[in-house]
Amino acid sequence: MNKVENNKAWFLVLPMLLLVAFSAIIPLMTVVNYSVQDILGRSAFFVGSEWFVQTLNDSRLQSALMRQFAFSFTILAIQVPLGIAIALLMPKKGWQASAVLILITLPLLVPWNVVGSMWQIFTRGDIGLMGYGIRQLGYPYNITRNASDAWITIIIMDVWHWTPLIALLCYSGLRAIPEAYYQAAQIDRASKWAVFRYIQLPKLTNVLVIGVLLRFMHSFMIYAEPFVLTGGGPGSSTTFLSQTLATMAIGQQDLGPSAAFSIIYFLIILAVSYVFYVTIMNMQKDKADNISGGA
Amino acid sequence: MAEIRLRSLAHTYETDPQSPQDYAIREMEHVWHQGGAYALLGPSGCGKSTMLNIISGLLRPSDGDVIFDSRIVNDLSPQERNIAQVFQFPVIYDTMTVFDNLAFPLRNVKKPEHMVMPRVHEVADILELTHLLKRKAKNLTADEKQKVSMGRGLVRDDVSAILFDEPLTVIDPQLKWKLRRKLKQIHEQFNITMIYVTHDQLEASTFAEKIAVMYEGQIVQFGTPRELFEKPAHTFVGFFIGSPGMNFLDVEATEQGMQFGDITIPVSQKRLKVAREATSDNLKLGIRPEFIHVWDDRNSEAFEVTVKDMEDLGTYRIMTFWFGDALMKARLHEDQRIPQKKAWISFPEQWLNVYIDEFRVEVDDE
Amino acid sequence: MSQSTMTNTQAQSASPEKTAEEGLTRAVSRQKGESVGRNRFLLSIYLVFTLLPIYWLINMSLKSNREILSVFSLWPQALTFDSYIKILTDPSWYMGYVNSLTYVAMNMTISILVALPAAYAFSRFKFIGDKHLFFWLLTNLMAPPAVFLLPYFQLYYTVGLFDTHIAVALAHCLFNIPLAVWILEGFMSSVPKEVDETAYIDGYSFPAFFIKIFIPMIRSGIGVTLFFLFMFSWVELLLARTLTATNAQPIGAIMTRTSTASGVDWSTLAAAGVLTIVPGILVVYFVRNHIAKGFALGRT
């Protein structure tokens, strides 16, 4: 689409801008402010980059960051293919389609702390179906003692919680493919794999980019669920970034270092997301070329 | 390569059809001979695309059989019927190049690459796509995309038939004409059965040797363009083919001839007999504007009529006149005298058609 | 695809022998049908995985605490609705739901109202800084609430909005408005610009065009957007809990009181959890057709 050059469009954007700025910029300024000062009671000293240096060398944060990356990539590697597969399996029309759609979506609509509680109840060795069941099978499952049990449980919980988002987006993306494409593929004697590879997957790129971006960002923010389920333990095996930061900022009143790290953390997400963003923009530019070429 | 026969074929989209109106295709018999170039002509919603999809296997008919040569293929999918179909709007595989798009139907059946290459180039050459072969298909214009879609149909040289579902809708008029000629050339070159669906009579008659006219889910006539023009088997064909369409008069059969109001129009005894024996009172006389005889002067055979309107269309004129209380049209040559207010016309017997219940009365003297 | 299975079953029932008349053969499809059965089976496994934890929650909510802790059973032995009755009759409990729904509704209204014109601007016009602005918007989706808790608390305390519904609604705008703009922009871009131009030629003013013509055209998009707005505002708890004390306390925060020094009140916790899922079911029920109709997000 050829957009019209019109700076009056700013008026349409302005209300949105003011609201978001109120919620985004002022708190961000505060964080930046903390990150360069040492606050003791009522007095504050400017310390420059000291907190940044200290933070970057803090092994606790470094390991939280490593755990975070491991977690984010693991869940993406599971959720994206699984979500696509489920979208492909879902019924296309009729009451079954509505029913499956609603059931699949359920986990997305559960408040995050309730997700934690739900899985806590589900995985407890004494009263939980999963915990009890696994122990009955002879494995001494215990998420408060065994770090790998806790880690795997959190992964399963996240897959349970968020795969529906990918599935939902892909399902919608699939429904947007005109029937003519499938007909043409049948006529062209395409195999099911060829249909997926050359028709479905290309048409899903947009929703997948958005899905992956949202999942990446949210997985970085994960806080409530592990906090409720494992409390970050055993030890710090399931303490992810947000929780580490929240503990530093609120629990220990380490405002400076935590603010500094917040900013580093923010920059990391920003960098990754920027790559995604540029990808989307290039894809849309391709399409725009396509449209103007067709005119 | 095959002869395609439709036996007692009918199709409905309803689960519980009640009346003939519920059928997209009403029970019919039809044969498309091997190697023919056919057009399937009709207004939108008459069941043309449904019939095409049934032939290709995208749809399974609710009744009857689709027979390729001596095989009933109802149970076969489009893949197994080995039939090519080109759709109204271009369908291309965005992520592939033009070459890969054209090669796709061949590679899907694992044709060796050394055979794919020359074939793709051959088809690209015919469709003038050679210079685009390396381009990504998604950046093409609508015209080019449709050519790629057609190319995927043409690239297969072993198909039973190629079906075209109004393939030139999105193409601009000049190119349309060129592509139609290309298709005809390809037909002559490869001798593949081609069925071409369209709602444009000009497109149908320039492409096809024989045209099937479809109306309300039925093939009402199957014939050469000339037959459709001279002896429309159904009032719809008379109305749909030709411009302007055929004139129709609601008449009654009497001993003297066809009675229209207080005017008697003479017809042959044979036809009159059939008409009088008919149980239906839905009786019509039809004559093409081209065949109405317009006399220069008063004449004993001619009826005197009142001219309503005269339309000059360059090489000919269309005269609209009142015949009794019916409005009719007649075509005048450009060198013919132009009647003022009054005109004298007659209906040559050999060009008069009698219709009972909308179908033409065929008598053996023809 | 059901069509080809039909083809398949019929092919098996019809024998491949020659039909009597005219020496016709009935061709038999050798193609493997789309294995609907297998697909259903795999999908069922996933659905069981999705529903089991929820089932367990419901199971717990219908038991008494004594039963929960004494015997392990797959369904309630002594069915009791006490936990639900307790929640639905005690204002200190059910006001939590009212509070949550209130700020969610406020947030949805605010977000959609400001996002609609903004998304229109992004989809139709080029203006100074548009690309930077759009990216900046997206960065807000990434802002980790856990990091901003303290600044938020200070900010809203200072402006006197602490412990009000509007405080939470505004705070959730941080991620919901960018999301709404993002989704709506995609839907709007798929509406051809000729629609706008025709309307202006027909003498519509911009507001009239926008409300009477444009918004009805992207109804589906608005439905899908509202679904996501509801979802992200309803499930967020960290900000909601930090910005409220008693008057606007969300249900998620109230639930923490089931955990006391004497142990956890599992039954009530489970019942409260079950009740948090209900509004979500209603919302997804209303937008199911918009989702099933398909959207590709962005220009396709």
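Residue numbers (the numbering used here), protein chains in the order written: chain A, 117 to 411; chain B, 104 to 469; chain C, 524 to 823. Backbone N, C-alpha and C define an ideal beta-carbon position, used for all residues, glycine too. If you're wondering where the values come from, they're calculated on a predicted model, not measured in any experiment.
Could you compute how far the alpha carbon of residue i sits from the alpha carbon of residue j?
| i | j | result |
| --- | --- | --- |
| A/M109 | A/L285 | The shown model of chain A, from 117 to 411, leaves out residue 109 of chain A, and the question about it has no answer. |
| C/I734 | C/L639 | 10 Å |
| C/S525 | C/L766 | Reliability of the predicted coordinates at C/S525 is poor, the pLDDT of 41 falling under 50, and the value obtained from them is presented with this limitation in mind. Rounded to whole angstroms, C/S525 to C/L766 spans 53 Å at the Cα level. |
| B/M422 | B/E393 | 11 Å |
| C/D719 | C/S728 | 11 Å |
| B/E231 | B/Q288 | 14 Å |
| C/L762 | C/P674 | 11 Å |
| A/I380 | C/R563 | 46 Å |
| A/K124 | A/L135 | 19 Å |
| A/G348 | A/F187 | 13 Å |
| B/D178 | C/V594 | 58 Å |
| C/A690 | B/I195 | 51 Å |
| A/E341 | A/W228 | 6 Å |
| A/N406 | B/P193 | In this predicted model, A/N406 has a pLDDT of only 43, less than 50, meaning its place in the structure is not dependable enough to derive any value. |
| A/A362 | B/L236 | 58 Å |
| A/V230 | C/I591 | 19 Å |
| C/K541 | B/I265 | Bear in mind that the predicted position of C/K541 carries a pLDDT of just 44, short of 50, making it unreliable; the figure below should be weighed with that in mind. If I take the Cα positions, the gap works out to 28 Å. |
| A/M243 | A/T360 | Residue 243 of chain A is actually Ile in this sequence, not Met. C-alpha separation (whole angstroms): 30 Å. |
| A/T239 | A/M273 | 10 Å |
Per DSSP, which one or two residues make a beta bridge with residue i?
| i | result |
| --- | --- |
| C/S521 | An answer regarding residue 521 of chain C cannot be provided, because it is not within the stretch 524 to 823 covered by chain C. |
| B/L143 | B/V300 and B/A315 |
| B/T423 | B/D412 and B/K432 |
| B/L305 | The partner list for B/L305 (beta bridge, DSSP) is empty, contrary to what the question assumes. |
| B/A187 | B/I265 |
| B/A356 | B/M361 |
| A/E121 | C/K649 |
| B/G389 | B/F351 and B/N456 |
| B/L112 | B/M131 |
| B/D166 | B/A113 |
Does residue i pass the burial test, meaning 16 or more other C-beta atoms within 10 Å, or should it be called exposed?
| i | result |
| --- | --- |
| A/P223 | buried |
| B/P335 | buried |
| B/A206 | buried |
| B/D399 | exposed |
| A/D304 | buried |
| B/E132 | exposed |
| C/F809 | exposed |
| B/R401 | exposed |
| C/V790 | Before going further, note that residue 790 of chain C is Ser rather than Val in the sequence given. With 16 or more other Cβ atoms within 10 Å, it is buried. |
| B/D460 | exposed |
| C/E759 | buried |
| A/S307 | exposed |
| A/R176 | exposed |
Which residues in chain B sit within 8 Å of residue i, going by Cβ to Cβ distance?
| i | result |
| --- | --- |
| C/G546 | S173 |
| A/Q212 | Within chain B, no residue comes near A/Q212; the closest Cβ sits about 17 Å away, beyond 8 Å. |
Whose Cβ in chain B lies nearer than 7 Å to the Cβ of residue i?
| i | result |
| --- | --- |
| C/S552 | D178, L179, S180 and E183 |
| C/R764 | Here the premise fails: no neighbours, minimum Cβ distance about 47 Å. |
| C/R515 | Coverage of chain C is limited to positions 524 through 823, which leaves residue 515 of chain C absent and any answer about it impossible. |
| A/R305 | Q182, P208, N211 and V212 |
| A/Q153 | Those do not exist, as A/Q153 stays about 53 Å from chain B at its closest Cβ, beyond 7 Å. |
Would you please state the rounded distance, in angstroms, between the beta carbons of residue i and residue j? I believe it to be under 8 Å.
| i | j | result |
| --- | --- | --- |
| C/T612 | C/K586 | No, C/T612 and C/K586 are not in contact; Cβ-Cβ is about 19 Å, not under 8 Å. |
| C/S646 | C/M711 | 4 Å |
| B/S159 | B/I186 | 5 Å |
| A/I250 | C/R811 | About 35 Å separates the two Cβ atoms, so there is no contact after all. |
| A/P350 | A/R261 | 6 Å |
| B/S173 | C/T748 | So it is not a contact: roughly 58 Å between Cβ atoms. |
Run through chain C and tell me which residues come within less than 7 Å of residue i, C-beta to C-beta.
| i | result |
| --- | --- |
| A/E121 | K649 |
| A/A340 | L760 and L761 |
At 8 Å on the CB atoms, spell out the chain C contacts of residue i, in chain order.
| i | result |
| --- | --- |
| B/I170 | L547 |
Report the neighbours of residue i on chain A: residues whose CB is nearer than 9 Å to its CB, in chain order.
| i | result |
| --- | --- |
| B/V251 | Those do not exist, as B/V251 stays about 11 Å from chain A at its closest Cβ, beyond 9 Å. |
| C/A628 | Chain A residues near C/A628: none, gap ~15 Å exceeds 9 Å. |
| B/R463 | The contacting residues do not exist; B/R463 stays about 37 Å from chain A at best. |
Using the beta-carbon of each residue, which ones in chain A are nearer than 8 Å to residue i?
| i | result |
| --- | --- |
| C/I736 | In chain order: nothing, as chain A lies at least about 16 Å away. |
If the cut is a Cβ gap below 9 Å, which residues of chain B does residue i touch?
| i | result |
| --- | --- |
| A/I200 | Correct list: empty, because the minimum Cβ distance to chain B is about 16 Å. |
Along the region 196-226 of chain B, what residues have a CB closer than 8 Å to any CB found in chain F?
You won't find chain F in this structure, because its protein chains are A, B and C.
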